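In the numbering used here, the protein residues as written are 956 to 1150. Written below as structure tokens is the structure these notes are about.
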């Protein structure tokens, strides 16, 4: 089974406050996430984190590197799609060397690190990319970056940010159900054409 989530910003108390997440601090959110993920995703499963696993805003904040090791506590395999925070990590701590960052993450226990990916769910191909503006116009997309700002539905796919699913993983079944709603209702609703 594949699972999906984005925009965790592990290690950021500011994100907890800014997004009004129902946790006292980042530590509580991390503990909640580990427990929730391990409850539903087994060792053979794959969790795609579609960007911003951690939070990184300056080269002085080396703490952001330590939060990558949270992957060691996750039972399932984790594939990281690069978000803007990971790109800053690569710039500040890995001399803009993506391969060096990827090797670092693989040593921590990530299954893989990619800029984007294409997967299939029940016969539909999905492009996985962090920023919605970089979506693939020729297929359905799973993206993040905007937190709650864009909502879950866009004509080109779904925002799978953690803030939109009560901080829980989206399963393949969840994505399939969203696709049914999109194709059957949302894409045909004239009031949603501007989205």
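C-beta: ideal position from N, C-alpha, C; glycine also. Quick caveat, the model's predicted, so the values are computed rather than measured.
Check: When the Cα atoms are used, what is the spatial distance from residue 1137 to residue 1114?
Finding: On the chain shown, position 182 is the one that residue 1137 refers to. On the chain shown, position 159 is the one that residue 1114 refers to. Their Cα atoms are separated by approximately 13 angstroms.
Checklist line | Residue nearest to residue 1006 in terms of C-alpha spacing, selected from 1116, 966, 1058 | finding: The residue labelled residue 1006 in the question sits at position 51 within the chain shown. When only C-alpha atoms are compared, the closest one is 1116.
Check: Taking all protein chains shown into account, do 16 or more other C-beta atoms lie within 10 angstroms of the C-beta of residue 966, making it buried, or fewer, making it exposed?
Finding: What you label residue 966 is simply residue 11 of the chain shown in a count that begins at 1. When all chains shown are included, residue 966 counts as buried.
Next item on the list: Have a look at 971, 994, 1086, 1046 and flag the residue whose alpha-carbon is nearest the alpha-carbon of residue 1038.
Entry: Within the chain shown, residue 1038 is the residue found at index 83, counting from 1. That would be 1086, whose Cα lies nearest to the Cα of residue 1038.
Notebook entry, point to check: By Cβ distance, which residues of its chain are closer than 6 angstroms to residue 1111, with the 5 residues on each side in sequence left out?
Noted result: Within the chain shown, residue 1111 is the residue found at index 156, counting from 1. Only 1090, 1096 meet the Cβ criterion.
Notebook entry, point to check: Where do the N-terminal and C-terminal ends of the beta strand (DSSP E) with residue 1072 fall, by residue?
Noted result: To locate residue 1072, count along the chain shown from 1; it is residue 117. Residues 1072–1076.
Next item on the list: Taking residue 1045 and residue 1056 to be in contact with their CB atoms under 8 angstroms, please state how far apart those CB atoms are, rounded to whole angstroms.
Entry: Position 90 of the chain shown, counting from 1, holds the residue named residue 1045. Position 101 of the chain shown, counting from 1, holds the residue named residue 1056. Contact flag correct, Cβ pair sits at about 5 angstroms.
Notebook entry, point to check: Quick one: Cα of residue 1004 to Cα of residue 959, how far?
Noted result: Residue mapping note: residue 1004 aligns to position 49 of the chain shown, counting from 1. Residue mapping note: residue 959 aligns to position 4 of the chain shown, counting from 1. Taking the straight line from one Cα to the other gives about 6 angstroms.
Note to self: Using DSSP's beta-bridge definition, name the partner residues of residue 1067.
What the structure shows: Working through the chain shown from its first residue, we reach residue 1067 at position 112. DSSP lists 1034 as partners of residue 1067.
Item checked: Buried or exposed by the 16-neighbour rule on C-beta atoms within 10 Å, applied to residue 1035 -> In the chain shown, residue 1035 corresponds to position 80, counting from 1. Buried is the call here.
Note to self: Check whether the stretch 1127–1134 and the stretch 1074–1083 touch, using three or more Cβ-Cβ pairs below 8 angstroms as the test.
What the structure shows: Contact holds: three or more Cβ-Cβ distances are below 8 angstroms.
Next item on the list: Could you tell me whether any Cβ in chain D is nearer than 9 angstroms to the Cβ of residue 1064?
Entry: Going by chain labels, chain D is absent from the structure shown, which holds only one protein chain.
Item checked: For residue 1005: DSSP bridge partner residues -> Translated into positions along the chain shown, residue 1005 becomes position 50. BP columns for residue 1005 point to 1036.
Margin query: Output needed for residue 957: all residues of its chain with C-beta closer than 6 angstroms, excluding positions within five of it in sequence on either side, in chain order.
Written below: The sequence position of residue 957 within the chain shown is 2, counting from 1. Taken in chain order, the residues that qualify are 1001, 1127.
Check: Where does residue 1137 fall in DSSP's three states?
Finding: Numbered from 1 along the chain shown, position 182 holds the residue referred to as residue 1137. Three-state result, residue 1137: helix.
Item checked: Presumed contact (8 angstroms Cβ cut-off) between residue 1063 and residue 1027, rounded CB distance -> Here residue 1063 refers to the residue found at position 108 of the chain shown. Here residue 1027 refers to the residue found at position 72 of the chain shown. That belief holds up - the Cβ atoms of residue 1063 and residue 1027 are roughly 7 angstroms apart, short of 8 angstroms.
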